[in-house]
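Take a look at the structure set out below.
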Amino acid sequence: MNTRDYIALEEQYGAHNYHPLDVVIERGEGVWVYDVDGKKYLDCLSAYSAVNQGHVHPRILAAAQEQMARLTLTSRAFRNNQLPLFYKELIELTGYDRVLPMNSGVEAVETAIKLARKWAYRVKGVPRHLAEIIVAEGNFHGRTIAVISFTSEKLYKEDFGPFTPGFKVVPYGDARAIKAAITPNTAAVMIEPVQGEAGVIVPPEGYLSQVAEICKENQVLFLADEIQSGLGRTGKLLACDHEGVRPDLVILGKALSGGFYPVSAVVGTEEVVGLITPGEHGSTFGGNPLGAAIARAALKVLVDEGLIENAAKLGSYFMERLAAIPSPHVEKIRGRGLLIGVVLKQEAGGARRFCEALQAEGILAKETHENVIRFAPPLVIDQATVDWALERIEKVLSMD
Ligand SMILES: *Cc1c(COP(=O)(O)O)cnc(C)c1O
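In this note's numbering, the protein residues as written are 359 to 758.
This is the structure we're talking about:
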């Protein structure tokens, strides 16, 4: 079987809910992936930041293999010996009080919404079932019905109603709009500290701290979706750390898995996470020993290998060098750490053709929102590899 055969099978039998580049990957190692024809590519997407630690990291692989041979799943009806250590290590790293583990990112988002609503009824005194949550335009929090109920992306929701009530959408990056949207029934504000899927949108300086302050003044919870921006991607452990902001709940996913196996979690304060009682929420796989062992190794690798610092250093370098490329197509470069967006001019003809040209040069990157090329390589990348990539990116951005 070659590339064409695999693609034909996928197109014939799979639901067409993605439009991938025509590359069939069979192996990965660090920042590199290899296709079925043996061609090597630099992965500049990192599975939307789920492989921050690089593909098949040997230490995470060893932890996964060891745990897999020992015990994989007990359900939460019984305790296991990995989950408590995962809790302790995640709490020590983030400085919060409690963890609620789930699997996919969107499940952790739904968990945070449930926690915020319960807090509104039990602590704030909002009349039952009237809690409101304020979110931002351009948000991406996942794909469940509740979560697409407040997307501003037509394609994500158009054919999928009826929707879940209780959400208000305000412009991103405008703290005053949040203040104006707050009512006595507001439970929480939930935002991404950097909007990844919207095209790598970095909010204005001071936005996060203003949001935190507005929340505090109005007895409203601050929920940060750090599924993509967290765990080192932006050059800090959490993107909220850039403004020294401590949300009430932080939603983690993606890189918590080291790219091996879905693990997500909500970490937060005793006041909020402490409210949940047995039976109110759960998941058969959430908190299983295999996931917990993998997440423990994934967190250790981030810290031990200095990946957060590396993202800060090489992110600035990458962005500066990109900004210096004399391209007729580029409007601007934006980003934080190793989450970088190259914004193309309207007349550039869309980002997809540039991503296809990059693929031919051995770089896998994905367009977001038509006009933005996202560069988000695994955080284990080194400067020589960034230089290697820049040479090719410059060539592609200089084409007609
Ligand atoms: C990817 C993502 C999610 C959803 O995570 P899944 O694991 O795909 O459910 C939610 N929020 C943000 C910011 C994301 O990037």
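The beta carbon of each residue, even a glycine, is placed where N, CA and C say it ideally should be.
{"Check": "Sorry if obvious, but does the Cβ on residue 514 come closer than 7 Å to a heavy atom of ligand 1?", "Outcome": "no"}
{"Check": "Can you say whether residue 606 is buried or exposed, counting buried as having 16 or more other CB atoms within 10 angstroms of its CB?", "Outcome": "buried"}
{"Check": "Just reading off the alpha helix (DSSP H) that residue 590 is part of, what are its end residues?", "Outcome": "Careful: residue 590 lies outside any alpha helix (DSSP H) and carries neither H nor E."}
{"Check": "Looking at residue 569: is its Cβ nearer than 8 Å to the Cβ of residue 455?", "Outcome": "no"}
{"Check": "With DSSP run on the structure shown, which of helix, strand or coil describes residue 459?", "Outcome": "strand"}
{"Check": "Just curious, the beta strand (DSSP E) that residue 580 is in, first and last residue?", "Outcome": "579 to 583"}
{"Check": "Given a threshold of 16 other Cβ atoms within 10 Å of its Cβ, counted over all protein chains shown, does residue 474 qualify as buried or as exposed?", "Outcome": "buried"}
{"Check": "Whose CA, out of 648, 608, 627, lies closest to the CA of residue 620?", "Outcome": "648"}
{"Check": "How about residue 750: is its C-beta nearer than 8 Å to some C-beta of chain D?", "Outcome": "Note that chain D does not occur in the displayed structure, where there is just one protein chain."}
{"Check": "If you compare alpha carbons, which of 664, 695, 652 is closest to residue 444?", "Outcome": "652"}
{"Check": "Could you say which of 470, 516, 363 lies nearest to residue 608 if we only look at CA atoms?", "Outcome": "470"}
{"Check": "Using a Cβ-Cβ cutoff of less than 8 Å, which residues in the same chain neighbour residue 691 once the five nearest sequence positions on both sides are dropped?", "Outcome": "677, 680, 681, 698, 699, 700, 701"}
{"Check": "Counting beta carbon pairs with one atom in the segment 560 to 579 and one in the segment 500 to 514, are three or more of them shorter than 8 Å?", "Outcome": "no"}
{"Check": "Could you tell me which residues DSSP puts in a beta bridge with residue 553?", "Outcome": "559"}
{"Check": "Between the alpha carbons of residue 365 and residue 390, how many angstroms are there, rounded?", "Outcome": "21 Å"}
{"Check": "Are the CB atoms of residue 411 and residue 738 nearer to each other than 8 Å?", "Outcome": "yes"}
{"Check": "Along the beta strand (DSSP E) that carries residue 688, what are the first and last residues, could you check?", "Outcome": "688 to 694"}
{"Check": "I'd like to confirm something about residue 530: is its beta-carbon nearer than 7 Å to some heavy atom of ligand 1, or not?", "Outcome": "no"}
{"Check": "Tell me, which residues are paired with residue 726 by DSSP?", "Outcome": "730"}
{"Check": "Since residue 747 and residue 731 are thought to touch, with beta carbons under 8 Å apart, how far apart are those beta carbons, to the nearest angstrom?", "Outcome": "The Cβ separation is near 12 Å, so there is no contact."}
{"Check": "DSSP state of residue 622, grouped into three classes?", "Outcome": "strand"}
{"Check": "Measuring straight from C-alpha to C-alpha, what distance separates residue 417 and residue 588?", "Outcome": "21 Å"}
{"Check": "Hey, out of 423, 661, 644, 388, whose CA is closest to residue 450's CA?", "Outcome": "661"}
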